[in-house]
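Numbering follows our numbering, with no gaps: position 33 of the sequence shown is 34.
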Amino acid sequence: MAKSSSAPQERPSRAARQDRASRGDSLATVKGQAVASDLNRLIHERIRLGIVSALAVNPSLTFNELKALLKTTDGNLSVHARRLEDADYVACTKSFDGRLPKTEYRLTSAGRKALEHYLAHMEALIRATRDHQG
């Protein structure tokens, strides 16, 4: 049995793949083909996608507005918003409206870019599926 002359290729780390996917420049999309595994998993989750999508078309939304819009619980929204905040995709401002606490969210420029890359990747997936079927 003959040995292959090509050196084995190392697979990039999960963190490196996620970073490429969040920037929208995975090797697959660069070649014009979309691969579902290269999706930005941080945004892809339903609640987080809802948060960034809602904030993309509104300058800011309060916690209660997002909760009502996404039909989710306080705890669920809080956890997902925190993940987006940790990634610098959303900015959170806490204040008081009289005696009531008010938490407001807005999409950051990094969050807007990540959403744009995510949407472009989804469109590429749809095109690739159509091209493959047609």
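Backbone N, C-alpha and C define an ideal beta-carbon position, used for all residues, glycine too. Just so we're clear, the structure is a prediction, and the values are computed from it rather than from any experiment.
Burial state of R49 is buried, judged by a 10 Å Cβ sphere holding 16 or more other Cβ atoms. Put simply, the backbone Cα of A121 is about 10 Å away from that of R128. Boundaries of the alpha helix (DSSP H) around K114: 110–134.
Assignment of beta-bridge partners to Y90 by DSSP yields no partner. Taken in chain order, the complete beta strand (DSSP E) segments of 3 or more residues contained in the stretch 51–105 are 91–98. With a beta-carbon spacing of about 17 Å, T109 and T63 fall beyond the 8 Å limit used to define contacts. Inclusion of A88 and R107 in the CB contact set at 8 Å is not warranted, their separation being larger than that value. With respect to L85, V53 sits close: the two C-beta atoms are nearer than 8 Å.
Between R113 and A57, the C-beta spacing is below 8 Å. Pairing D98 with N65, the inter-Cα distance amounts to about 13 Å.
Secondary structure note for L43: its alpha helix (DSSP H) is the uninterrupted segment 42–45.
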